[in-house]
Amino acid sequence: MLDIPILKIEDFLVVTIQSELSDDEISALQEDILFRIKDVGAAGLIIDITALDIVDSFMGRTLSNIAATVELLGAKAVVVGIRPAVAVTLVELGIRVKWNVNTALNFDRGMKLLKRLIEAERRGGAS
Amino acid sequence: MSESEENEKEQKKVKIVSSADIIAARGKGRELAKKMGFSVVDQTKITTAISELTRNIVTYAGRGEVTIKKARSKTGGKNGIVVVCIDEGPGIEDVGLVLKGGFSTSGSLGLGLSGAKQLMDEFEIKSKPGEGTVVTIKKWLRR
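Residue numbers (the numbering used here), protein chains in the order written: chain P, 1 to 127; chain V, 1001 to 1143.
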């Protein structure tokens, strides 16, 4: 099974999905991410899916679950690099109404968004 | 290479028994769609529809088969791609309900069938409880 590296940059974890993943690999990744966040005390997570030329409803749901569980731990999650064709497809698929995930155009913007989200929470207290 | 030969070669069959086969089926679909000249967005829609339908096979029927090939419309002379997904699983009690979307017995988003329908130009489903399901989807090349 594919071992997907989880990098630490500043207070954040960064996961770059570089190829299409099987269901088992996605589930394993979800667990890895959660334990790493706890272990290193990460404030946020970026998942880069620039390399994915397809995100079906299963992958969409898993990304959404990862984001939700990361937030339960008290960290923030941002998905970056959704391709235009993938975005068109996800909206037509009907995922829009059920997808509650922070997204950004690319890695740089994702980092900025993550920092803003964390800062906003610090200022506003528990939200 | 003559055109008929090419057509023969373009027919791809993938047996679906595990989630790894979903990736294989998607790859075949993407390959043919690209070769036929579909736009990147349409390639992605076709590939995603294949993913949804083959995942239904793995989740609900356990095993099945997908055939991906070129199609030509009977009337307009349009070229397109046709994907046929066959399984001998439990079948669907209420196809209408499932096609509304948001209906799921497996804990997924329930977007599989309705999503595939939304992404393609034509969608046909035949299902009998206890006997299985055949889903045929088509997308035509825009000229």
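The beta-carbon is built from N, C-alpha and C at its ideal position, and this holds for glycine as well.
Any Cβ of chain V within less than 8 angstroms of the Cβ of residue i?
i                      : result
aspartate 56 (chain P) : yes
threonine 89 (chain P) : yes
aspartate 3 (chain P)  : no
glutamate 20 (chain P) : yes
valine 80 (chain P)    : no
glycine 94 (chain P)   : yes
alanine 85 (chain P)   : yes
Could you pull the start and end residues of the beta strand (DSSP E) that residue i belongs to?
i                         : result
isoleucine 1016 (chain V) : 1012-1016
isoleucine 9 (chain P)    : 6-9
arginine 1072 (chain V)   : 1064-1072
leucine 45 (chain P)      : 44-48
lysine 1100 (chain V)     : That residue, lysine 1100 (chain V), is in no beta strand (DSSP E); it is neither H nor E in DSSP.
leucine 77 (chain P)      : According to the sequence shown, residue 77 (chain P) is alanine rather than leucine. Note, alanine 77 (chain P): beta strand (DSSP E), 76-80.
Any heavy atom of the ligand HEM closer than 7 angstroms to the beta-carbon of residue i?
i                          : result
phenylalanine 12 (chain P) : Although the ligand HEM was asked about, the structure shown includes no ligands whatsoever.
Tell me whether residue i sits in a helix, a strand or coil according to DSSP, three-state version.
i                        : result
leucine 105 (chain P)    : coil
threonine 1059 (chain V) : helix
isoleucine 95 (chain P)  : coil
threonine 1136 (chain V) : strand
threonine 16 (chain P)   : strand
lysine 1126 (chain V)    : strand
alanine 1116 (chain V)   : helix
alanine 51 (chain P)     : coil
glutamate 1093 (chain V) : coil
glutamate 121 (chain P)  : helix
glutamate 1131 (chain V) : coil
aspartate 39 (chain P)   : helix
In the DSSP assignment, find the unbroken alpha helix (DSSP H) run with residue i in it and report its ends.
i                        : result
arginine 1055 (chain V)  : 1040-1056
serine 64 (chain P)      : 57-73
glutamate 1031 (chain V) : 1019-1036
glycine 1080 (chain V)   : Per DSSP, glycine 1080 (chain V) belongs to no alpha helix (DSSP H); it is in the beta strand (DSSP E), 1079-1087.
aspartate 3 (chain P)    : Element bounds for aspartate 3 (chain P): n/a, residue is neither H nor E.
serine 22 (chain P)      : Neither: serine 22 (chain P) is in no alpha helix (DSSP H) and is coded neither H nor E.
Taking 8 angstroms as the CB-CB cut-off, is residue i touching chain P?
i                        : result
glutamate 1052 (chain V) : yes
arginine 1026 (chain V)  : yes
lysine 1045 (chain V)    : yes
alanine 1020 (chain V)   : yes
arginine 946 (chain V)   : Residue 946 (chain V) is absent from the model: chain V starts at 1001 and stops at 1143.
Less than 8 angstroms between the C-beta atoms of residue i and residue j, yes or no?
i                         : j                         : result
alanine 85 (chain P)      : valine 1098 (chain V)     : no
lysine 1028 (chain V)     : isoleucine 1068 (chain V) : yes
isoleucine 49 (chain P)   : valine 55 (chain P)       : yes
glycine 1062 (chain V)    : threonine 1133 (chain V)  : no
isoleucine 1092 (chain V) : serine 1127 (chain V)     : yes
isoleucine 118 (chain P)  : alanine 77 (chain P)      : no
valine 101 (chain P)      : alanine 51 (chain P)      : no
Could you check which residue in the options has the C-alpha nearest to that of residue i?
i                         : options                                    : result
glutamine 1118 (chain V)  : P:Leu114, P:Val79, P:Leu90                 : P:Leu90
lysine 112 (chain P)      : P:Pro5, P:Leu45, P:Arg36                   : P:Leu45
alanine 1071 (chain V)    : V:Asp1087, V:Gly1115, V:Ile1016, V:Val1083 : V:Val1083
valine 88 (chain P)       : V:Gly1115, V:Ser1019, V:Arg1142            : V:Gly1115
asparagine 1079 (chain V) : V:Ile1022, V:Ser1018, V:Lys1138            : V:Lys1138
glutamate 1065 (chain V)  : V:Ser1073, V:Thr1075, V:Leu1053            : V:Leu1053
isoleucine 128 (chain P)  : V:Thr1136, V:Leu1032, V:Ser1019            : This structure gives no information on residue 128 (chain P), because the portion of chain P shown stretches from 1 to 127.
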